[in-house]
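J.: The structure that follows is given in the form of structure tokens.
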Amino acid sequence: MHVLRFRQVHLDFHTSEKIPGVGAEFNADAFVETLKRAHVDSVTLFSRCHHGMIYHETRFPAKHPNLTCDLLALQIEACHQHDIRCPIYITVGWDEYMAKRHPEWLEVDANGKPVGPPPLQPGWRKHCFASPYIDYVIEQTNEVLERFGDEVDGIFFDIIFQNEVFSVWALQEFERQGWDPADPKAQSAMRELLVNRTKERLASAVRRRNKQCSIFFNAGHVNPSIRLSLHTYTHLELESLPSGGWGYAHFPITMRYARTLGLDCLGMTGKFAVSWGHFNSYKPQPTLEYECMQMLALGAKCSIGDQLHPSGKLDQATYDLIGSVYAKVEAIEEWCAHAEPLTETAVFNVEVFQPQHVRIPPANLGAYRILQEGRHQFDFVDHQSDWSQYRVLVLPDEVELDDTLCQKVEAFLHNGGSLLCSYRSGCNVDGTRFALNGFPAVYEGDLPYHPDFVRPLGALAEGLADAPYVMYQRGLRVKPAEGAEVLGEVWEPYFNRTYRHFCSHAHTPPARRSDDPAVLRKGRIVYFAHPVFSTFAQVGVPFYKQVVLNALKLLLPSPLVQTTAPSTLQVTWNRQPSRRCSVLHLLHYIPEKRTLGAEYLEDVIPLYQVPLRLRTAPPRRVYLAPQGTNLPFEVQGQYVQVTVPEVRGRQLVVLEEA
């Protein structure tokens, strides 16, 4: 059976048919030695690329016209001789060779235009999965499986998403299904049907010829819609190049959800300073190190993207960079193998309500930032997840409850869990009332003023000045349910800003305390009337983070991890049952927005004498990994207290169970 490796390279090879001498400088020994020196133990190699070109002997006319050798066959042979795993890449959604020869197979938008760039501009054109094009993909995949047989370690199918569904083929499918193609919900259902049917067909084709190899379908993101086709995957690869449009929050949010799905995971970044296909582009070593160390901390193995030069010769500077990181990965992977996250808080993934090919919603982003900076140990979950292991469930901003989800939340509360909700979370699907029994708030509509202000009270005000704070997004008007405690009050401005009356540059100052509560608590439920998570994601005002952390402290007074270290220190706690130990990953890398482009980092700033309080049984031994240095510790009630002398980028702390 397939086993994912810790140190993979995803070796792109999208090579124009106009380029001569493809593979002319490929040398098997040099190729493998370069990979081995870079500590690479798995490499994704290309059968067919986005240009539609095939890089091995084939019966199809799409073989690259300037291919000088049976490149893929030689690459696989060389790698397997040195125990380097070789998944095989096959493009699906983009194929320029077939797009030129069968333009009728392309996606068509609602205006009847083929999807892709105008005729005189370069770029990829997208195929419709309802068309006969998928038959071609299956035929070409079959040839790969027949040609390479047991040498096929895995198949990586790329560009598995559907944008537009108005081709003649898609309209015929609407007719067969009895759906109205003018209905946006039917369009969404058609995209889902075509994508999942394509996965089923491709997975079945692979399994008819190879029962063991890995199978992955890449769409650039993993969200809850994957559940319908999860059985067609053997593992997940989370494409997430921070500088390439994904950003630094995308991978940790997505991985905290993906790791709950029961499959092994790879994180995928790139060595490129910007994004895919940038030749002779190298990101700073600390940047690549951080991205890989975060993968390990969250339970994923590592994959770094590169693009092979058309000559077939690997770029030495690239593999010096990759090797400098993968040497550090190899040194600690024994403390990462078969690790399980130790978590106690679940955040409901609002992508459940946004099933299309999208990036991270603000509510998810705000929740991730707040909990990570508060050093909470948490997962993202959905309606099908097992919530029994968690002590607190967070429903950020927009989690409206149908009957089934409402019953699941109430069962979670009945079994001793606590609940933190904000804004419309907890409402019924009509958005007209709160659906949960025992909820602290009674729905009355929207608050009349925007922006308004919130003054926290009591325990919610810990660490904050006694003042009303501006709320940049409109909240809900609620009244306290019987027995509810008011933890925050709404203050109103003189008036809303309009052309008839406005004050100063942005909004009107507070004028009076209203009778409306801003934060309510009843039993084990805390409710915020404003969308605090989305607002924090958009404006980053520390007040929003602090009031949420204060609310979590009420619901979770003894969290797994406590520290007074700067909020830039990331703390992730995993357990290795087979080794009877748990491992804390301490990461201190600070990406910065220094340019008009994406965040990056080139300096590692060490922390010294980092105090940790860990809620766990007294360990037999505490030590640093990979150094092996023992650390003294104290047991204080249910906590173990330890001080880490230095965190320089990353440091592992291992607690051996008694």
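Under the working numbering, read the sequence shown as residues 1 to 658, first letter to last.
Where a beta carbon is used, it is the ideal one built from N, C-alpha and C, also for glycine.
1. Which term fits K661, buried or exposed, when burial requires 16 or more other beta carbons within 10 angstroms of its beta carbon?
2. Would you kindly work out how many angstroms separate the C-alpha atoms of V115 and S131, rounded to a whole number?
3. Taking all protein chains shown into account, decide if A38 is buried (16 or more other Cβ within 10 angstroms of its Cβ) or exposed.
4. Taking DSSP as the reference, what is the three-state secondary structure of Y136?
5. My parser needs the beta strand (DSSP E) runs of 3 or more residues fully inside the segment 491–529; what are they?
6. Looking at the unbroken beta strand (DSSP E) that takes in D452, where does it start and where does it end?
7. When the Cβ atoms of the segment 84–92 are set against those of the segment 152–172, are three or more pairs found closer than 8 Å?
8. Could you say which of H278, L420, V350 lies nearest to S225 if we only look at CA atoms?
9. Going by the beta-carbon positions, is the gap between R575 and E340 smaller than 7 Å?
10. Let me know the secondary structure DSSP gives E646 once reduced to three states.
11. Can you list, in chain order, the residues of its chain whose CB lies under 6 Å from that of T535, leaving out five sequence neighbours each side?
12. Going by DSSP in three states, H10 sits in which element: helix, strand or coil?
13. I believe V642 touches V653 by the beta-carbon criterion, under 8 Å. Please report the beta-carbon distance rounded to the nearest angstrom.
14. Measure the Cβ-Cβ separation of C302 and G245 and say whether it is below 7 Å.
15. Leaving out five residues before and five after M295 in sequence, what residues of the same chain have Cβ atoms less than 6 Å from its Cβ?
16. Along the beta strand (DSSP E) that carries E239, what are the first and last residues, could you check?
17. From what residue to what residue does the alpha helix (DSSP H) around P316 run?
18. Secondary structure at I360, three-state DSSP: helix, strand or coil?
19. Figure out for me which residue from G323, T254, L584 has the closest Cα to the Cα of R375.
20. On the three-state DSSP scale, how would you describe L447?
21. Between H530 and A518, which are expected to be in contact by the criterion C-beta below 8 Å, what is the C-beta distance as a whole number of angstroms?
22. Tell me the rounded alpha-carbon separation between D379 and V43.
23. Count the other C-beta atoms from every protein chain shown that fall within 10 angstroms of the C-beta of L288, then say buried if there are 16 or more, exposed otherwise.
24. Have a look at V394, N27, S385, H383 and flag the residue whose alpha-carbon is nearest the alpha-carbon of Q377.
25. Could you check what DSSP says for T345 in three-state terms: helix, strand or coil?
26. Use the C-beta contact count for A258: other C-beta atoms within 10 angstroms, 16 or more gives buried, fewer gives exposed.
27. Alpha carbon to alpha carbon, how far is G463 from M255? Give it in angstroms, no decimals.
28. Give me, in chain order, the residues of the same chain whose beta-carbon lies closer than 7 Å to that of P118; leave out the 5 immediate sequence neighbours on both sides.
29. Any chance you could list the alpha helix (DSSP H) runs of at least 4 consecutive residues sitting entirely within the segment 92–146, in chain order?
30. Taking the CB atoms as reference points, tell me whether P440 and A484 lie closer together than 7 Å.
31. Which residues mark the beginning and the end of the beta strand (DSSP E) in which R620 is found?
32. How many angstroms separate the CA atom of L457 from the CA atom of V486?
33. Where are the alpha helix (DSSP H) runs, 4 residues long or more, that stay fully inside the segment 253–301, in chain order?
34. Let's see if you can read the secondary structure: which residues bound the beta strand (DSSP E) around D158?
35. Ignore the nearest five residues each way along the sequence and tell me which others in F660's own chain have a CB closer than 6 Å to its CB.
36. Indicate the three-state DSSP secondary structure (helix, strand or coil) for N550 in the structure shown.
T.: Short version:
1. The structure shown does not extend to residue 661, since the chain is modelled only from 1 through 658, so no value can be given for it.
2. Residue 115 sits at position 115 when you count from the first residue of the sequence shown. Residue 131 sits at position 131 when you count from the first residue of the sequence shown. In a straight line, the C-alpha of V115 is about 14 Å away from that of S131.
3. Translated into the one-based positions of the sequence shown, residue 38 becomes position 38. Classification of A38: buried, given that the 10 Å Cβ count is 16 or more.
4. Residue numbering aside, residue 136 sits at position 136 when the sequence shown is read from its first letter. Correct three-state label for Y136: helix.
5. 510–522, 525–528
6. In the sequence shown, counting from the first residue as 1, residue 452 sits at position 452. Counting along the chain, the beta strand (DSSP E) containing D452 begins and ends at 452–456.
7. yes
8. The residue given as residue 225 occupies position 225 in the sequence shown. Of the candidates H278, L420, V350, the one whose C-alpha sits nearest the C-alpha of S225 is V350.
9. Reading the sequence shown from its first residue, position 575 is the one you call residue 575. Reading the sequence shown from its first residue, position 340 is the one you call residue 340. Yes, these two residues count as a Cβ contact at 7 Å.
10. To locate residue 646, count along the sequence shown from 1; it is residue 646. Residue state, collapsed to three classes: strand.
11. In the sequence shown, counting from the first residue as 1, residue 535 sits at position 535. Cβ within range, chain order: Y472, Q473, Y544.
12. For the purposes of this step, residue 10 is taken as the residue at position 10 of the sequence shown. In this structure, H10 counts as strand in the three-state DSSP scheme.
13. Translated into the one-based positions of the sequence shown, residue 642 becomes position 642. Translated into the one-based positions of the sequence shown, residue 653 becomes position 653. At roughly 7 Å, the Cβ-Cβ gap stays under 8 Å, so V642 and V653 are in contact.
14. As a first step, residue 302 must be located in the sequence shown, where it is residue number 302. As a first step, residue 245 must be located in the sequence shown, where it is residue number 245. Contact: no.
15. Your numbering for residue 295 matches position 295 in the sequence shown. Cβ neighbours of M295 beyond the five flanking positions: G267, C302.
16. Mapped onto the sequence shown, residue 239 falls at position 239. Here the beta strand (DSSP E) through E239 covers 235–239.
17. The residue given as residue 316 occupies position 316 in the sequence shown. A small fix is needed here, since residue 316 is Gln in this sequence, not Pro. Residues 316–332.
18. Stepping through the sequence shown from its first residue, residue 360 is reached at position 360. In the structure shown, I360 sits in coil (DSSP, three-state: anything other than H, G, I, E or B).
19. Position 375 of the sequence shown, counted from the first residue, corresponds to residue 375. Scanning G323, T254, L584 for the CA closest to the CA of R375 turns up L584.
20. Taking the sequence shown and counting its residues from 1, one reaches residue 447 at position 447. Coil.
21. Start at 1 with the first residue of the sequence shown, and residue 530 comes out as number 530. Start at 1 with the first residue of the sequence shown, and residue 518 comes out as number 518. Right, their Cβ atoms sit about 7 Å apart.
22. For the purposes of this step, residue 379 is taken as residue 379 along the sequence shown, with counting starting at 1. For the purposes of this step, residue 43 is taken as residue 43 along the sequence shown, with counting starting at 1. Spanning the two alpha carbons is a distance of roughly 30 Å.
23. By 1-based counting over the sequence shown, the position of residue 288 is 288. By the 10 Å Cβ count, L288 comes out buried.
24. Counting from 1 along the sequence shown, the entry for residue 377 is found at position 377. Closest option to Q377, Cα to Cα, is V394.
25. Sequence index remark: in the sequence shown, residue 345 carries index 345 (1-based). Strand, per DSSP.
26. Here residue 258 is taken as the residue at index 258 of the sequence shown, counted from 1. A258 should be labelled buried.
27. Taking the first residue of the sequence shown as position 1, residue 255 is located at position 255. Taking the first residue of the sequence shown as position 1, residue 463 is located at position 463. Cα to Cα, the separation comes out at about 32 Å.
28. Here residue 118 corresponds to residue number 118 of the sequence shown, with the count starting at 1. Excluding positions up to five away in sequence, the list is empty.
29. 96–101
30. Within the sequence shown, numbered from 1, the residue matching residue 440 stands at position 440. Within the sequence shown, numbered from 1, the residue matching residue 484 stands at position 484. Their beta carbons are under 7 Å apart, which means P440 touches A484 by this criterion.
31. By one-based count along the sequence shown, residue 620 stands at place 620. Its beta strand (DSSP E) spans residues 619–625.
32. By 1-based counting over the sequence shown, the position of residue 457 is 457. By 1-based counting over the sequence shown, the position of residue 486 is 486. Answer to the nearest angstrom: the Cα atoms are 8 Å apart.
33. 285–297
34. Position 158 of the sequence shown, counted from the first residue, corresponds to residue 158. 154–158 is the extent of the beta strand (DSSP E) around D158.
35. Residue 660 is absent from the structure shown; the chain starts at 1 and stops at 658.
36. Residue 550 sits at position 550 when you count from the first residue of the sequence shown. Helix at N550.
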